[in-house]
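Residues 2 to 67, numbered by my numbering, are exactly what the sequence shown covers, in order.
Have a look at the structure below, then the notes.
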Amino acid sequence: MEMRNQGKPISELAAILDMENVRDAVALHDGVVALSLSEVDLIAAWLGVPRAALLRRIFDESDRAS
Numbered sequence: 002m003e004m005r006n007q008g009k010p011i012s013e014l015a016a017i018l019d020m021e022n023v024r025d026a027v028a029l030h031d032g033v034v035a036l037s038l039s040e041v042d043l044i045a046a047w048l049g050v051p052r053a054a055l056l057r058r059i060f061d062e063s064d065r066a067s
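As structure tokens, then:
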């Protein structure tokens, strides 16, 4: 799944989600981390997109991968 982050560093996402390290955020970016809705909201805000649009994109990509 490619979500543009408006040029923001992945370390910023790690800090927003209070992740232990950037590697966890990279795993999240690669789609291998389970998320709570509050984390989805934080990511959507970080990307500047509505939650519904982000979830739709996640599920569309998941369907394509399976």
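Backbone N, C-alpha and C fix where the C-beta goes; we use that ideal spot for every residue, glycine too.
Approximately 4 Å separates the beta-carbon atoms of LEU55 and ALA45; this is inside 8 Å, confirming the contact. Per DSSP, reduced to three states, the secondary structure at SER37 is coil, with no helix or strand assignment.
It is roughly 15 Å from the alpha-carbon of TRP47 to the alpha-carbon of ARG58.
Annotated three-state conformation of ASP42 is helix, per DSSP.
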